[in-house]
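Only one structure is covered here, and it is reproduced in the block below.
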Amino acid sequence: MADKIPCNINVGLKEFNLMVGREEEEYVRKAAKLINERMDYVREKVGLSESYELLAFVALDYAIDNLKFDNKHSDLQKTVMTKISEMDLLVDSILK
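Every number in our numbering is 33 more than the matching position in the sequence shown, counting from 1.
Structure, rendered in C-alpha coordinates:
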(Lines of atoms letter the chains of each structure in order from A; the text may use other names.)
(Lines give C-alpha, C1' and ligand atoms only; values in the text may rest on other atoms or scores of the structure.)
Protein backbone atom coordinates (compact mmCIF):
# COMPACT_ATOMS: atom_id res chain seq x y z
CA MET A 34 0.00 0.00 0.00
CA ALA A 35 1.29 3.45 -0.93
CA ASP A 36 2.42 5.79 1.81
CA LYS A 37 -0.10 8.51 2.59
CA ILE A 38 0.95 11.97 3.66
CA PRO A 39 -1.11 14.86 5.05
CA CYS A 40 -2.15 17.47 2.52
CA ASN A 41 -3.92 20.55 3.86
CA ILE A 42 -5.64 22.65 1.21
CA ASN A 43 -8.19 25.45 1.04
CA VAL A 44 -10.96 25.42 -1.54
CA GLY A 45 -13.09 28.50 -1.37
CA LEU A 46 -13.66 29.20 2.29
CA LYS A 47 -13.28 25.57 3.37
CA GLU A 48 -10.11 23.92 4.63
CA PHE A 49 -9.57 20.24 3.87
CA ASN A 50 -7.12 18.01 5.70
CA LEU A 51 -6.51 15.09 3.36
CA MET A 52 -4.29 12.05 3.39
CA VAL A 53 -2.97 11.48 -0.14
CA GLY A 54 -0.34 9.40 -1.84
CA ARG A 55 2.99 11.13 -2.32
CA GLU A 56 2.55 11.00 -6.10
CA GLU A 57 -0.88 12.67 -5.83
CA GLU A 58 0.03 15.58 -3.55
CA GLU A 59 1.19 17.89 -6.34
CA TYR A 60 -2.00 17.23 -8.34
CA VAL A 61 -4.22 17.89 -5.31
CA ARG A 62 -2.49 21.19 -4.58
CA LYS A 63 -2.60 22.30 -8.22
CA ALA A 64 -6.29 21.33 -8.47
CA ALA A 65 -7.13 23.37 -5.37
CA LYS A 66 -5.20 26.33 -6.78
CA LEU A 67 -7.02 26.07 -10.14
CA ILE A 68 -10.41 25.90 -8.41
CA ASN A 69 -9.62 28.95 -6.28
CA GLU A 70 -8.35 30.90 -9.29
CA ARG A 71 -11.46 30.02 -11.30
CA MET A 72 -13.66 31.01 -8.33
CA ASP A 73 -11.92 34.39 -8.22
CA TYR A 74 -12.43 34.82 -11.97
CA VAL A 75 -16.13 33.92 -11.75
CA ARG A 76 -16.57 36.23 -8.77
CA GLU A 77 -15.11 39.13 -10.78
CA LYS A 78 -16.56 38.43 -14.24
CA VAL A 79 -19.93 36.81 -13.53
CA GLY A 80 -20.68 38.61 -10.30
CA LEU A 81 -21.51 35.61 -8.13
CA SER A 82 -20.59 36.05 -4.50
CA GLU A 83 -22.07 33.13 -2.56
CA SER A 84 -19.47 30.45 -1.99
CA TYR A 85 -21.79 27.55 -2.87
CA GLU A 86 -22.86 29.30 -6.10
CA LEU A 87 -19.23 29.88 -7.06
CA LEU A 88 -18.33 26.26 -6.38
CA ALA A 89 -21.35 25.01 -8.34
CA PHE A 90 -20.46 27.25 -11.29
CA VAL A 91 -16.81 26.17 -11.21
CA ALA A 92 -17.79 22.49 -10.94
CA LEU A 93 -20.07 22.89 -13.96
CA ASP A 94 -17.34 24.70 -15.89
CA TYR A 95 -14.76 21.97 -15.14
CA ALA A 96 -17.27 19.21 -15.97
CA ILE A 97 -17.92 20.85 -19.35
CA ASP A 98 -14.16 21.13 -19.98
CA ASN A 99 -13.73 17.46 -19.05
CA LEU A 100 -16.53 16.35 -21.40
CA LYS A 101 -15.01 18.39 -24.25
CA PHE A 102 -11.59 16.87 -23.56
CA ASP A 103 -13.03 13.34 -23.46
CA ASN A 104 -14.80 13.96 -26.76
CA LYS A 105 -11.64 15.28 -28.43
CA HIS A 106 -9.63 12.38 -27.01
CA SER A 107 -12.17 9.88 -28.32
CA ASP A 108 -12.15 11.49 -31.77
CA LEU A 109 -8.34 11.49 -31.84
CA GLN A 110 -8.22 7.86 -30.73
CA LYS A 111 -10.64 6.88 -33.53
CA THR A 112 -8.53 8.77 -36.07
CA VAL A 113 -5.34 7.09 -34.90
CA MET A 114 -6.95 3.63 -34.99
CA THR A 115 -8.25 4.29 -38.52
CA LYS A 116 -4.80 5.36 -39.70
CA ILE A 117 -3.19 2.32 -38.09
CA SER A 118 -5.70 0.06 -39.84
CA GLU A 119 -5.00 1.77 -43.16
CA MET A 120 -1.25 1.39 -42.65
CA ASP A 121 -1.71 -2.25 -41.67
CA LEU A 122 -3.66 -2.93 -44.88
CA LEU A 123 -0.98 -1.13 -46.90
CA VAL A 124 1.82 -3.17 -45.30
CA ASP A 125 -0.15 -6.38 -45.87
CA SER A 126 -0.65 -5.53 -49.55
CA ILE A 127 3.05 -4.80 -49.98
CA LEU A 128 4.15 -8.02 -48.26
CA LYS A 129 1.85 -10.24 -50.34
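Virtual Cβ for every residue (Gly too), placed ideally from N, Cα, C. These figures come from a predicted structure and were not determined experimentally.
Exposure of V124, with buried meaning 16 or more beta-carbon neighbours within 10 Å: exposed
Can you check which of these residues, M72, L100, V53 and K105, is closest to K47 by C-alpha distance? The residue with the shortest Cα to Cα distance from K47 is M72.
For E77, three-class secondary structure by DSSP: DSSP places E77 in helix when its eight states are reduced to three.
DSSP three-state assignment for K37, whether helix, strand or coil: strand
Any contact of the region 79-92 with the region 110-127, i.e. 3+ C-beta pairs under 8 Å? no
Do G45 and S84 have their beta-carbon atoms positioned less than 7 Å apart in this structure? Cβ atoms of S84 and G45: closer than 7 Å.
If you draw a straight line from the C-alpha of E119 to the C-alpha of D103, how long is it? 24 Å
Rounded to whole angstroms, what is the Cα-Cα separation between C40 and E58? 7 Å
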